[in-house]
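Read through the structure below, which is laid out as structure tokens, and then see the notes.
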Amino acid sequence: MLAVPAPAQKYAAVVIDGSSGKTLFEANSTAPRYPASLTKMMTLYLLFEALEQGRISKTTLIPVSDNAARQPPTKLRFRRGETIDVETAIRAITVKSANDVAVAVAEYLGGSEQAFAAMMTAKARQIGMRSTVFRNASGLPDAGQLTTARDMAVLGVALRARFPQHFHYFSESDFMFRGRLVRGHNDMLGRVRGVNGIKTGYIRASGFNIVTSYDADGRRLILVVMGADSARQRNDHVEALIQRNLSPASNTTTRLLYAEQ
76 MLAVPAPAQK YAAVVIDGSS GKTLFEANST APRYPASLTK MMTLYLLFEA
126 LEQGRISKTT LIPVSDNAAR QPPTKLRFRR GETIDVETAI RAITVKSAND
176 VAVAVAEYLG GSEQAFAAMM TAKARQIGMR STVFRNASGL PDAGQLTTAR
226 DMAVLGVALR ARFPQHFHYF SESDFMFRGR LVRGHNDMLG RVRGVNGIKT
276 GYIRASGFNI VTSYDADGRR LILVVMGADS ARQRNDHVEA LIQRNLSPAS
326 NTTTRLLYAE Q
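Below, the structure is given as structure tokens:
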């Protein structure tokens with residue numbers, strides 16, 4: 076019996092077999108939840124898409140507006156008028172979960188954060204996230220920004236399948252920025268063999284969230300846990316779910332969890 080690490084009104088979880096698309100475990104998987112910084116997975120999806128389409132390169136400089144610079148932590152503390160190159164922006168978002176950088180990316184790609192959030196929601200529908208609405212690019216508190224554990228699993232699968240050349244960024248636990256080492260928040264990296272990403276999130280209303288990718292010994296899983304009471308409880312629950320679901324894969328027809336582009 077798995078211990079539930081969160082109040083019922085916040086807790087949700089789902090485990091998806093990454094090869095077959097089969098749901099191996101779920102609890103409250105379609106109940107509305109606040110994504111917190113899991114939101115940034117979609118910000119990155121659109122950034123990776125812009126790279127793939129040639130609209131930007133990894134050396135493209137993104138300007139930081141006053142609005143972006145004023146975002147609350149976690150952030151890299153950019154000042155208005157400074158710039159950040161795309162590759163550093165990717166690492167700032169995946170590793171540090173930097174809110175100022177997420178907003179700068181949104182404004183650069185969408186013209187405004189509000190317009191970019193509409194793009195995020197449209198992309199969510201396109202890839203099969205049926206119940207998600209984005210209001211900002213960072214995941215900072217907004218009562219209208221809602222998702223489900225299942226939708227976050229769809230996004231995790233889509234990121235890994237659509238952008239394998241960029242997925243390694245989600246496995247990085249630190250990076251150098253302006254001569255200092257910036258450490259990340261994803262304590263699952265290095266804790267369980269086979270875990271190779273992807274993103275954590277927390278606001279008070281959501282509890283502690285995570286989407287985790289596992290790939291080892293011929294097994295591929297995407298796991299989502301939302302609403303835990305602490306990072307430690309969240310991580311313990313993810314580890315328990317991994318161990319529980321590493322039984323031999325069932326013979327199911329391979330299918331995509333996310334919609335074709």
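In terms of the working numbering, the sequence shown opens at residue 76 and continues consecutively. Glycine included, each C-beta is placed from N, C-alpha and C at the ideal position.
Boundaries of the alpha helix (DSSP H) in which residue i is found, first to last residue
i, result
"Glu194", "The sequence given here places Met at residue 194; Glu does not occur at that position. It spans 188–202 - the alpha helix (DSSP H) in which Met194 sits, taken as one unbroken run."
"Asn142", "141–144"
"Asn310", "306–319"
"Thr118", "115–127"
"Asp292", "Per DSSP, Asp292 belongs to no alpha helix (DSSP H) and is neither H nor E."
"Asp226", "224–237"
Cα-Cα separation between residue i and residue j, rounded to whole angstroms
i, j, result
"Gly293", "Asp92", "11 Å"
"Ala306", "Glu124", "31 Å"
"Val89", "Ala315", "13 Å"
"Ile317", "Met227", "17 Å"
"Thr132", "Glu182", "The sequence shown places Ser at residue 132, not Thr. Taking the straight line joining both Cα atoms gives about 17 Å."
"Val208", "Phe191", "12 Å"
"Thr329", "Phe153", "With a pLDDT of 36 at Thr329, under the threshold of 50, the modelled position of this residue cannot be trusted, and the question is left open."
"Arg319", "Arg130", "43 Å"
"Ile297", "Phe238", "15 Å"
"Ala236", "Leu264", "20 Å"
"Ala87", "Asn284", "9 Å"
"Ala224", "Asp141", "33 Å"
"Gly302", "Ser281", "5 Å"
Pair within 8 Å by beta-carbon distance, residue i and residue j
i, j, result
"Asp160", "Thr134", "yes"
"Pro418", "Leu221", "Here the chain covers residues 76 to 336 and nothing more, so residue 418 does not appear."
"Val313", "Leu113", "no"
"Ala111", "Gly219", "no"
"Thr118", "Ile137", "no"
"Ala199", "Val178", "no"
"Thr163", "Phe245", "no"
"Glu247", "Arg309", "no"
Inter-residue CB distance, residue i and residue j (contact presumed, cutoff 8 Å)
i, j, result
"Gly231", "Ile273", "6 Å"
"Lys171", "Val257", "5 Å"
"Thr149", "Ala173", "6 Å"
"Val229", "Met204", "5 Å"
Element boundaries [beta strand (DSSP E), containing residue i]
i, result
"Val257", "255–258"
"Gly276", "270–278"
Scan the region 156–183 and note each continuous alpha helix (DSSP H) run of 4 residues or more that stays entirely inside, going in chain order. 161–166
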